[in-house]
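Peer 1: The structure is given below, and queries will be raised subsequently.
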Amino acid sequence: MSRAGEGSAPPLLAVDGLAKAYGGVLAVDGVSFALRPGEVLALIGPNGAGKSTCFAMLGGQIAPDRGRVRLLGRDVTGLPPRRLAGAGVGRTFQVAAAFASMTVRENVQLALLGHEGHERTVWRPFRPLGAFAAVPAEALLERVGMAADAGRPVGELAYGDLKRLEFALALAASPRLLLMDEPTAGMAPAGRGDLMRLVAETARDDGVGVLFTEHDMDVVFAHADRVMVLDRGRLIAEGTPEAVRADPQVRAVYLGGEPP
Amino acid sequence: MDFYAAQFLTGLASAASLFLVASGLSLIFGVTRIVNFAHGAFYMAGAYLAYTLTERLSGPFGYWVGLVLAALLTAGIGALVEVLLLRRVYKAPELFQLLATFGVTLMAEDLVVLVWGPDDLIGGRAPGLEGGVLLFGQRIPAYDLFLIALGPAVLGALWLILHRTRFGVLVRAATEDREMVAALGVDQKWLFTGVFALGVFLAGLGGALQLPRDAVNHAMDLSVIVEAFVVVVIGGLGSVLGAFVAAVLVAELNAFGILILPGVSLVLAFLVMAAVLVVRPHGLFGREEPAPRAVGLPARLWRPLGRTAGTLALLAVAACALLPLVAGPYALAVAAEIALFALFALSLQFLMSVGGLVSFGHAAFFGLGAYGAAFAVQAGLPMPAALPAGALLAALGAVAAGWFAVRLSGVYLAMLTLAFAQILWSTAFQWVALTGGDNGILGLWPSGLAGTPAGFYLLTLALLAAGLVALRRLAFAPYGYALRAARDAPARAAAVGIDVGRIRWMAFVAAGAAAGLAGALFAFLKGSVFPDTLAIPLSIDALVMVLLGGVGTVSGALIGAVAYKSAAVWLMRETDLSKLVLGALIVVLVVAFPRGIAGTLADLFARRRRA
Chain A
1 MSRAGEGSAP
11 PLLAVDGLAK
21 AYGGVLAVDG
31 VSFALRPGEV
41 LALIGPNGAG
51 KSTCFAMLGG
61 QIAPDRGRVR
71 LLGRDVTGLP
81 PRRLAGAGVG
91 RTFQVAAAFA
101 SMTVRENVQL
111 ALLGHEGHER
121 TVWRPFRPLG
131 AFAAVPAEAL
141 LERVGMAADA
151 GRPVGELAYG
161 DLKRLEFALA
171 LAASPRLLLM
181 DEPTAGMAPA
191 GRGDLMRLVA
201 ETARDDGVGV
211 LFTEHDMDVV
221 FAHADRVMVL
231 DRGRLIAEGT
241 PEAVRADPQV
251 RAVYLGGEPP
Chain B
1001 MDFYAAQFLT
1011 GLASAASLFL
1021 VASGLSLIFG
1031 VTRIVNFAHG
1041 AFYMAGAYLA
1051 YTLTERLSGP
1061 FGYWVGLVLA
1071 ALLTAGIGAL
1081 VEVLLLRRVY
1091 KAPELFQLLA
1101 TFGVTLMAED
1111 LVVLVWGPDD
1121 LIGGRAPGLE
1131 GGVLLFGQRI
1141 PAYDLFLIAL
1151 GPAVLGALWL
1161 ILHRTRFGVL
1171 VRAATEDREM
1181 VAALGVDQKW
1191 LFTGVFALGV
1201 FLAGLGGALQ
1211 LPRDAVNHAM
1221 DLSVIVEAFV
1231 VVVIGGLGSV
1241 LGAFVAAVLV
1251 AELNAFGILI
1261 LPGVSLVLAF
1271 LVMAAVLVVR
1281 PHGLFGREEP
1291 APRAVGLPAR
1301 LWRPLGRTAG
1311 TLALLAVAAC
1321 ALLPLVAGPY
1331 ALAVAAEIAL
1341 FALFALSLQF
1351 LMSVGGLVSF
1361 GHAAFFGLGA
1371 YGAAFAVQAG
1381 LPMPAALPAG
1391 ALLAALGAVA
1401 AGWFAVRLSG
1411 VYLAMLTLAF
1421 AQILWSTAFQ
1431 WVALTGGDNG
1441 ILGLWPSGLA
1451 GTPAGFYLLT
1461 LALLAAGLVA
1471 LRRLAFAPYG
1481 YALRAARDAP
1491 ARAAAVGIDV
1501 GRIRWMAFVA
1511 AGAAAGLAGA
1521 LFAFLKGSVF
1531 PDTLAIPLSI
1541 DALVMVLLGG
1551 VGTVSGALIG
1561 AVAYKSAAVW
1571 LMRETDLSKL
1581 VLGALIVVLV
1591 VAFPRGIAGT
1601 LADLFARRRR
1611 A
């Protein structure tokens, strides 16, 4: 990514005035921001700030009341998750969800099936999955460091490995944008850094934009290029980790001035 | 106008009992997640016990004490069933408990005949309320007015129990979040027993209160359980208020539907239920539930048959093909029936095990297949064309049913499929010009090589083998994996680009076609088609065969079907109490093999291989 073209090129993701109310209470109140290719952007905020609602709207689980979401200039507001996947959005969930009754390799093969150009394969009824996309599946597993686990049932995996597998699943469709809801939640501290380094590497090498929420501030400040702070449905601060850390308003939101 | 007002009051009176039964069912489901099929049996027990007690206890006071005592006794039986049986199967795959309660129901149906005899019993009138009251120019039975007042009274009492007692608070908390209540250190065991006993008490009371209005008979369990399910689903699972509103709605539909067209009332209720579910997938007062536990996640990975197992399977088919050398015509007919039921069960297993989509109305597709074949024969087509015609009609039915069903999940989906089957059943029953109604369609005899018992058996066996191979290959094709992915983690599946809705829809069509083929074979085996090929007992048979085989397996239903069907046929011949024995057998199997017969065997093999 050349830094020179930054100003003129359309952003990867442009969010404009996103809003959602539940029974009169504004959960998300006019959130606007942009994300460049290759950028790792963290969305943080105290509990109940509206992070989950925001994420669910971007991920297609909830339709926004107002606002626009554009991906590479294309309006993708309100598209269901499956269509978003086709449009180049990969995502991971707060509670890692993989296909528990299959092996690690089968999980990745299946995710590759959803990839553009392979939809037809799903409807080819009687050919076994076995050999489908075995090589790219191995390559993906290699990339997340799980090649040795390919034949293991997912049900047996430790939670940290499940999170990494989920990351591999999100990468299967060669996404342009990754939405990661608390990517390291529930992981042992040692594994968190490894996973986030992998995420940052992917963003840098492939020009994928990453938007993630996170509770662990060490993870946020170590791995995000930029941080946005959400409070009561509104963005109250945005900037480099250093700038956000120093922001008095952010300090006020996070428990009486202690640095977040 | 006055007549309609009186009819409205009759409907309200009927709603009382229905509400009692349904609220109990709803409470039990909310807390224990058990779909208590035996709830109808408890209702029946309440009515029979009330009959005996009111006969014994003399005086007006004795009568009312008898009614309440009957409900209390029923609750005691319920608590016993919970402690002795259900406690052992809470950890089993979801819906397996349904099988246990179904076993109890079967036993109860024979037991009441043993104790009270097969004839309808008519209880005494309620003392003090024998007369009628002139309202709107019509004489309304005083007892009906009592029931009309009782419904809201019980609703109020339940509200007080749920909101003003510690027990009630726990019940509501457990309905919202079971794990949380367990984490709080509440003794779940006794909470479950208490809720089950309360729910059964309500069912027993509902039954006892019917005594002054209706004759007591040994088939009253099935009719009430179906209505109660409809009420609970319309109202929203776990919601007592929902059960009340829906009970009034259904009872009024019955009261007025019968004026338009006798027999149309149940269809009306089911149509209303289908409409409610399409607009509100969790019922009128139900809330969205956390994603239900996937049905019986297998402990081991599924694999296509290896070389050894494949060879063994081929040898088994070959051995079955040799049966005509040793068996007579009767045995061959029984064998053909078992084989076609195995195909039927396998089709449901594809939907349930691979797709995680539980159908309570799978007979719909079986029956459509049977009628499709019959229509084809009436149109002059030969058997080789009539069989695929049956499968085609069933597949078309599955296209329609599946379109609705894939919008729902869990028990709601199961109930919608039941509604679909019931609507078809009523249609077959009443559209006499097309289906012959109760007289059925006769004279469907197999032709050509299939005309002999041996030929027909071999044809059925071949189609079973073909169906088995096709459904297994489908399960291990990318499509099957995608379907399983949607079962394991629907949100994840959608996020990797799988079209969950369409994939599930097609699962209905595939399973429907296979079930239809089985139904078409059944039509030719019996030489006739009747509406009961669409009826609830057949849907339940299919469920039992799948659960007995092992819902966590790819094709365990094969073993479940052979075991269940041969036991049923044999018992029917050997004893008058076949339901009692079969029910007891199911109960024992449920406790002994919570993963089903095939599931337990597969686990054993997997363990041995690892050791």
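Taken in sequence, the protein lines are chains A and B.
Read in the numbering used here, the first sequence has 8 at position 8, and its numbers run on one by one without any break.
Read in the numbering used here, the second sequence has 1411 at position 411, and its numbers run on one by one without any break.
Just so it is clear, CB atoms sit at the ideal spot from N, CA and C, and this is done for glycine as well.
1) Our contact map puts A/Val229 next to A/Val253 with C-beta atoms below 8 Å; I'd like the distance itself, whole angstroms only.
2) Are any of the Cβ atoms in chain B nearer than 8 Å to that of A/Gly86?
3) Please state whether DSSP places B/Ala1291 in a helix, a strand or coil.
4) Work out the CA separation of A/Ala27 and A/Gly257 for me, nearest whole Å.
5) With C-beta atoms as the reference, is B/Phe1472 less than 8 Å away from B/Gly1355?
6) Three-state secondary structure (DSSP) at A/Asp16?
7) Strictly under 8 Å for the Cβ-Cβ distance: is A/Ala307 near chain B by that measure?
8) Report the rounded CA-to-CA distance for B/Ser1347 versus B/Ser1359, giving the unit in angstroms.
9) Taking 8 Å as the threshold (beta carbon to beta carbon), is A/Phe33 in contact with chain B?
10) Between B/Ala1274 and the rest of its own chain, which residues show a CB-CB distance below 7 Å, the 5 nearest in sequence each way excluded?
11) Go ahead and pull the three-state DSSP assignment for B/Ala1345.
12) In whole angstroms, give me the CA-to-CA distance for A/Arg82 and A/Cys54.
13) For B/Val1295, would you say it is in contact with chain A, using Cβ-to-Cβ distances shorter than 8 Å as the test?
14) List, from N- to C-terminal side, the alpha helix (DSSP H) runs of 4 residues or more that fit wholly inside the region 1404 to 1461 of chain B.
15) What did DSSP end up calling B/Arg1473 once you bin it into helix, strand or coil?
16) Name the residues in the region 1464 to 1480 of chain B whose C-beta lies less than 9 Å from a C-beta of chain A; which are they?
17) Would you report the Cα separation of B/Gly1204 and B/Pro1531, rounded to the nearest angstrom?
18) Using only alpha-carbon positions, find the residue among B/Asn1254, B/Val1432 and B/Ala1339 that is nearest to B/Tyr1457.
19) Along the beta strand (DSSP E) that carries A/Ser32, what are the first and last residues, could you check?
20) CA-CA distance, B/Thr1600 and B/Arg1492?
21) Would you check if the region 1141 to 1148 of chain B and the region 1228 to 1242 of chain B touch, i.e. whether three or more CB-CB distances between them fall below 8 Å?
22) Which residues does DSSP list as the beta-bridge partners of A/Gly90?
23) Is it true that the region 1093 to 1105 of chain B meets the region 1202 to 1217 of chain B, where meeting means three or more beta-carbon pairs spaced less than 8 Å apart?
24) Just reading off the beta strand (DSSP E) that B/Ile1034 is part of, what are its end residues?
25) Under 8 Å by Cβ, that's how I've got A/Leu110 and B/Ala1389 pegged, so tell me the actual separation to the nearest angstrom.
26) Who are the neighbours of B/Arg1492 on chain A, taking C-beta pairs under 8 Å?
27) Check each candidate in B/Ala1041, B/Val1250, B/Cys1320 and B/Val1083 and name the one with the smallest Cα separation from B/Met1220.
28) According to DSSP, what are the bridge partners of A/Arg226?
29) Since A/Ala98 and A/Leu162 should fall inside the 8 Å C-beta cutoff, what is the C-beta to C-beta distance between them, to a whole number of angstroms?
30) Taking only three categories from DSSP, how would you classify B/Leu1601?
31) Taking the straight line between their C-alpha atoms, what separation do you get for B/Leu1160 and A/Pro248?
32) Terminal residues of the continuous beta strand (DSSP E) containing B/Pro1141?
33) Is B/Ser1566 helix, strand or coil when you go by DSSP?
34) From the beta carbon of B/Leu1305, is the nearest beta carbon of chain A less than 8 Å away?
35) Using a beta-carbon distance below 8 Å, is A/Thr103 in contact with chain B?
36) Taking the Cβ atom as the reference point for each residue, do B/Pro1490 and B/Ser1447 lie within a distance shorter than 8 Å?
Peer 2: In terms of the structure at hand:
1) 7 Å
2) yes
3) Only weak support is given to the placement of B/Ala1291: the predicted model assigns it a pLDDT of 48, under 50, and the value that follows is read from those uncertain coordinates. Coil.
4) Caution is warranted here: a pLDDT of 46 is assigned to A/Gly257, below 50, making its placement in the model unreliable, and no coordinate value can be reported.
5) Sequence inspection shows Arg at residue 1472 of chain B; the Phe mentioned does not correspond to that position. No, the pair does not count as a contact, with Cβ atoms beyond the cut-off.
6) strand
7) Absent from the structure is residue 307 of chain A, since the part of chain A shown begins at 1 and ends at 260.
8) 11 Å
9) no
10) Phe1404, Leu1416 and Ala1419
11) helix
12) 18 Å
13) Low confidence applies to B/Val1295: its pLDDT is 40, below 50, so where it sits in the model is not reliable enough to give any reading.
14) 1410 to 1430 and 1432 to 1435
15) helix
16) Ala1470, Arg1473, Leu1474, Phe1476, Ala1477, Pro1478, Tyr1479 and Gly1480
17) 31 Å
18) B/Ala1339
19) Val25 to Leu35
20) 30 Å
21) no
22) A/Leu178
23) no
24) Premise fails: B/Ile1034 is in no beta strand (DSSP E) and is neither H nor E.
25) The pair is not a contact, with the Cβ atoms about 36 Å apart (cut-off 8 Å).
26) Phe93, Ala97, Ala98, Phe99, Glu166 and Leu169
27) B/Ala1041
28) A/Leu41
29) 6 Å
30) helix
31) 51 Å
32) Gln1138 to Pro1141
33) helix
34) no
35) yes
36) no
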